[in-house]
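Colleague:
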Ligand code: ADP
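Residue numbers (my numbering): 60 to 274.
#1: Contact defined as beta carbons within less than 8 Å: I believe residue 69 pairs with residue 149. What is the distance between those atoms, to the nearest angstrom?
#2: Hey, would you say residue 239 sits closer than 8 Å to residue 130, going by beta carbons?
#3: By Cβ distance below 7 Å, which residues in the same chain neighbour residue 140 in space, the five residues on each side in sequence not counted?
#4: Can you give me the start and stop residues for the beta strand (DSSP E) that residue 254 sits inside?
#5: Is any heavy atom of the ligand ADP found at a distance shorter than 7 Å from the C-beta of residue 112?
#6: Quick one, are the C-beta atoms of residue 166 and residue 251 less than 8 Å apart?
#7: For a quick check, are the C-beta atoms of residue 257 and residue 71 less than 8 Å apart?
#8: Give me whichever residues DSSP pairs with residue 173 in a beta bridge.
#9: Taking C-beta to C-beta, are residue 77 and residue 194 nearer than 8 Å?
#10: In the DSSP assignment, what are the bridge partners of residue 64?
#11: Report yes or no: do three or more beta-carbon pairs, one from the segment 111 to 124 and one from the segment 219 to 237, lie closer than 8 Å?
#12: In the DSSP output, what is residue 202 paired with across the bridge?
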C-alpha cells in the first residue's frame with residue numbers, strides 16, 4: 060500500500076502514522092523526522108533546512124523532493140510506504156506523481172486528518188518529544204509520561220520542539236492553509252481522498268483510519 064497522510068500540524072499525523080505503518084507493515088516516512096535527523100547529525104542538508112523550519116516555513120522543494128525521493132527508493136519501501144508530511148504543496152504532489160509513474164506505481168489513498176484550529180494549538184503547545192527518538196511523543200496533559208520530562212519508552216530526556224512555540228505554530232498553520240490545503244483538492248480530483256475526524260482517543264482515530272483505508 061502507498062498512502063499519504065495529510066492534516067494540519069498537530070493533527071496527530073506522526074502518532075497515527077506510527078500505528079498505521081505497524082498495522083500495515085510498511086515503513087513510516089516523515090520528512091519532518093528526516094529533516095530533524097539531518098539537523099541533529101549536523102549534515103549540510105540539515106543546515107540548509109533549519110532556518111526554514113525554525114520560522115515555520117516550508118523547506119524549499121529542491122531540498123525536500125530529493126530527500127523524500129532518496130528515502131522512498133530504499134529497499135524497505137519497495138512494496139509500499141506511508142508518507143507523513145510529504146507532499147506539502149501542489150508541486151511536491153506533482154513531483155510525487157511523476158516519481159511513482161516512472162516506476163509504474165500509484166498511490167492507493169490519501170488520508171486526511173481533520174481537526175479544528177483551537178485543538179491543534181492545544182495539542183502542539185503541550186507536545187514533548189524524546190531526545191533519543193522523534194517517534195517517542197508525549198503531551199503534558201493528553202499523554203503525560205510517568206515521570207515529568209522523561210521518556211517512558213527509553214528514559215530519554217523530553218523536550219519541546221523549537222518550532223512548537225505559539226508564534227511559529229501560527230505561521231505553520233498559515234502555511235498549511237495556503238500551501239498544503241490545495242493538495243486536498245488535488246487528491247480529491249484523483250478520487251484518492253479519504254477524510255476522517257482526528258478528534259478523540261489515539262486508538263479511536265487509528266481504528267477510524269483503518270476502517271476508512273479498508274474501503
Ligand atoms: P508538523 O506536521 O507538526 O508541522 P513536521 O515534523 O511534519 O511537523 O514538519 C516540521 C517542519 O519541517 C515543517 O514546518 C517544515 O519546515 C519542514 N517540512 C517537513 N516536511 C516538509 C515538506 N514536505 N516540504 C517542506 N518542508 C517540510
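Glycine included, C-beta positions come from ideal geometry on N, C-alpha and C.
Here the structure is a predicted model, which means the values were calculated and not measured.
Modeller: If we stick to the structure as given:
#1: Your numbering for residue 69 matches position 10 in the chain shown. Your numbering for residue 149 matches position 90 in the chain shown. At roughly 22 Å, the Cβ-Cβ gap does not stay under 8 Å, so residue 69 and residue 149 are not in contact.
#2: Within the chain shown, residue 239 is the residue found at index 180, counting from 1. Within the chain shown, residue 130 is the residue found at index 71, counting from 1. In terms of Cβ geometry, residue 239 and residue 130 do not form a close pair [threshold 8 Å].
#3: Residue 140 sits at position 81 when you count from the first residue of the chain shown. For residue 140, the CB contacts under 7 Å within the same chain, skipping 5 residues up- and downstream, are 61, 85, 86, 88, 131 in chain order.
#4: Position 195 of the chain shown, counted from the start, is the residue given in the question as residue 254. For residue 254, the uninterrupted beta strand (DSSP E) run begins and ends at 252 to 256, by DSSP.
#5: The residue you call residue 112 lines up with position 53 of the chain shown. Yes - the ligand ADP has a heavy atom lying nearer than 7 Å to the Cβ of residue 112.
#6: For this step, residue 166 is matched to residue 107 along the chain shown. For this step, residue 251 is matched to residue 192 along the chain shown. Result yes, Cβ atoms of residue 166 and residue 251 sit closer than 8 Å.
#7: Here the question's residue 257 lines up with position 198 in the chain shown. Here the question's residue 71 lines up with position 12 in the chain shown. Yes, the Cβ-Cβ distance between residue 257 and residue 71 is below 8 Å.
#8: Indexing the chain shown from 1 puts residue 173 at position 114. In DSSP, residue 173 forms a bridge with 256.
#9: If you number the chain shown from 1, residue 77 lands on position 18. If you number the chain shown from 1, residue 194 lands on position 135. Yes.
#10: To locate residue 64, count along the chain shown from 1; it is residue 5. Note: residue 64 sits in a beta bridge opposite 143, 170.
#11: In short, these stretches touch, since the Cβ pair count reaches three.
#12: Numbered from its first residue, the chain shown carries residue 202 at position 143. According to DSSP, which records beta bridges pairwise, residue 202 is partnered with 198.
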